[in-house]
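The next block holds one structure in the form of structure tokens; read it before the comments.
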Amino acid sequence: MICKSACERMLRNNTSPEYFPDQFLQGAGLALSAMMRSLSTDTNRDSLTNMMTQELYDRLESEFQRQEEVQSDVKIQLAALHDGIVKDVWVLLGPRLQSGGSTRGFIRWRWQSLTVALRAATDQMSSRDQVAQMMMEGVQFKVDVEFDATIDYTIHSNPLNTDVVSDLSRRPLLVRFETPFFEPAEQMVASRSRTRPDEAPINWNWRVSDIDYLLEQDFLERRKKEDIQDEEHAQREMGM
543 MICKSACERM
553 LRNNTSPEYF
563 PDQFLQGAGL
573 ALSAMMRSLS
583 TDTNRDSLTN
593 MMTQELYDRL
603 ESEFQRQEEV
613 QSDVKIQLAA
623 LHDGIVKDVW
633 VLLGPRLQSG
643 GSTRGFIRWR
653 WQSLTVALRA
663 ATDQMSSRDQ
673 VAQMMMEGVQ
683 FKVDVEFDAT
693 IDYTIHSNPL
703 NTDVVSDLSR
713 RPLLVRFETP
723 FFEPAEQMVA
733 SRSRTRPDEA
743 PINWNWRVSD
753 IDYLLEQDFL
763 ERRKKEDIQD
773 EEHAQREMGM
């Protein structure tokens, strides 16, 4: 809870108390409604590339293509969106590190949903200003929102001319939204008006990066590998 509160405070301080969480949740609901209208085999799904990350798009598109190959139509409709709450906030601070790549020359520190990357030159002798400067080399926010939603999900088999799956249910729907990686971090507030600096930035370009933990297992496995790499790197540094 302490880490979540700290990450929420970072997000709120770089937008505004009016924007997060209330305006953010309103926008997240509208974005989800727009995205769900394109989650069908009989629609043009090109617009989804502007609504979600490439990784999520590729995963969903492969499933739609598989259904099309067996001549089935998939239709997912958001019948109603009742409420939404923020479940967690993730923050990445510091230089951009390639996912799953080498961390040579960097130190990665994690505390629950907060990740900080620092250049390896940073040590106990580094001043607070030097550390703060490195942390501001880049930043990215991710927000998990749990929606209370009524979803109509249908898979229609054309060869059989019948619905092989038909489900209308009200259930929790967990959606992760993420910003671009701002480099340097000050880019996240670059669009603020000079005359009204307290206004929330308008060019954050939030995208959906996961739905109902579809990619969560991949994320956890990648994070585990990164932690192992970090430990091996730390041991090598200590042995030098």
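In the working numbering, each residue's number is its place in the sequence shown (first place is 1) plus 542. Even glycine gets a Cβ: it sits at the ideal position worked out from N, Cα and C.
Cβ-based burial, residue i [other Cβ within 10 Å; buried from 16]
i	result
L634	buried
D752	buried
K684	buried
G626	buried
A621	exposed
Y561	buried
N586	exposed
P563	buried
N703	exposed
A570	buried
V750	buried
W653	exposed
Under the three-state DSSP convention, the category residue i falls into
i	result
T657	strand
L581	coil
D486	The chain is shown only over 543 to 782; residue 486 falls outside these bounds and no answer can be derived.
F606	helix
T721	coil
M596	The sequence shown places Gln at residue 596, not Met. Helix, per DSSP.
R587	helix
G647	coil
L702	coil
G626	strand
S558	coil
Q619	strand
V673	helix
A573	helix
A732	coil
A637	At residue 637 the sequence reads Pro, which differs from the Ala that was named. The answer is coil: DSSP assigns P637 none of H, G, I, E or B.
Beta carbon of residue i nearer than 8 Å to that of residue j
i	j	result
L656	C549	yes
D686	R718	yes
A573	M593	yes
M578	I544	no
S582	V616	yes
L756	R650	no
V631	K546	yes
N555	V731	no
A691	L623	yes
Y695	D709	yes
Rounded distance between the beta-carbons of residue j and residue i, thought under 8 Å
i	j	result
I697	L715	Not confirmed; about 18 Å, so no contact.
G680	P722	10 Å between Cβ atoms; not a contact.
E688	T595	With 8 Å as the limit, E688 and T595 do not qualify as a contact, their Cβ atoms being about 19 Å apart.
A659	P637	5 Å
CA nearest to the CA of residue i, picked from the options
i	options	result
M678	F724, R608, S575 and W748	F724
P701	F648, P637 and Q609	Q609
V707	A570, S614 and G636	S614
F606	D671, L762 and S580	S580
G647	V628, R670, K629 and M676	M676
W746	E758, Q682, D584 and L762	Q682
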